[in-house]
Amino acid sequence: MIGRAAALNLEWLKSSFKLLESALRERNKQLEIQKKEIEFLRNELRRKDDVIKEYENLINEREDMERQEVEILHKEIKTLRMDAMSRVVTIREHKSEIERLESKVEKLMSVMPPPSLPRARAQGVSAEPAAKNLNVNFQKFLKHYGKSDR
Numbered sequence: 317m318i319g320r321a322a323a324l325n326l327e328w329l330k331s332s333f334k335l336l337e338s339a340l341r342e343r344n345k346q347l348e349i350q351k352k353e354i355e356f357l358r359n360e361l362r363r364k365d366d367v368i369k370e371y372e373n374l375i376n377e378r379e380d381m382e383r384q385e386v387e388i389l390h391k392e393i394k395t396l397r398m399d400a401m402s403r404v405v406t407i408r409e410h411k412s413e414i415e416r417l418e419s420k421v422e423k424l425m426s427v428m429p430p431p432s433l434p435r436a437r438a439q440g441v442s443a444e445p446a447a448k449n450l451n452v453n454f455q456k457f458l459k460h461y462g463k464s465d466r
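So in the working numbering, the last spot in the sequence shown is 466, and the numbers never skip.
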């Protein structure tokens with residue numbers, strides 16, 4: 317009886333071993349699939365990291381360009397302000413010079429009589445009026461009256 321029980325036990329152990337081997341193979345297949353998925357995801361992550369780095373580089377370049385443009389604009393604004401300030405000073409100087417000259421003119425005008433305006437002379441007509449046809453016979457148009465018709 318022990319032989320039969322041992323044989324049954326051995327048979328049960330063999331089938332259990334086969335089931336375990338099959339389950340292990342299935343689990344290995346799943347692990348292999350998961351490894352491939354992990355590798356795919358790692359590659360995808362690397363690709364996306366590269367894209368992110370490219371965008372970061374573009375952003376940094378644009379920020380540098382904008383910073384340079386802002387610096388240029390600040391310099392231009394500073395130059396324009398300096399130019400405007402110098403023009404304001406020049407305008408003030410000219411205004412004071414104009415006021416000084418106007419004061420001088422007023423003093424001179426108070427001492428001098430006002431200038432008289434020259435009279436315009438009348439112009440006369442110096443020629444006979446020109447007619448279209450000077451050879452017109454006026455007797456044709458005018459009726460002739462004799463001395464006795466008065």
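Don't be surprised by glycine CBs; every beta carbon is placed ideally from N, CA and C.
All values derive from a computational prediction rather than experimental measurement.
**OP:** Specify the secondary structure class of Arg-383 as computed by DSSP and reduced to three states.
**Re:** Collapsing the DSSP output to three states places Arg-383 in a helix.
Subject >> Contacting residues, own chain, Cβ-Cβ under 6 Å from Leu-374 (five flanking each side not counted) >> reply: Nothing meets the Cβ criterion.
**OP:** Using the Cα positions of Met-398 and Thr-406, report the straight-line distance between them to the nearest angstrom.
**Re:** Distance from the CA of Met-398 to the CA of Thr-406, rounded to the nearest whole angstrom, comes to 12 Å.
Original post:
Helix, strand or coil: which one does DSSP assign to Arg-343?
Top reply: Reduced to three states, the DSSP call for Arg-343 is helix.
Subject >> C-alpha gap between Met-401 and Ser-412, whole angstroms >> reply: Rounded to whole angstroms, Met-401 to Ser-412 spans 17 Å at the Cα level.
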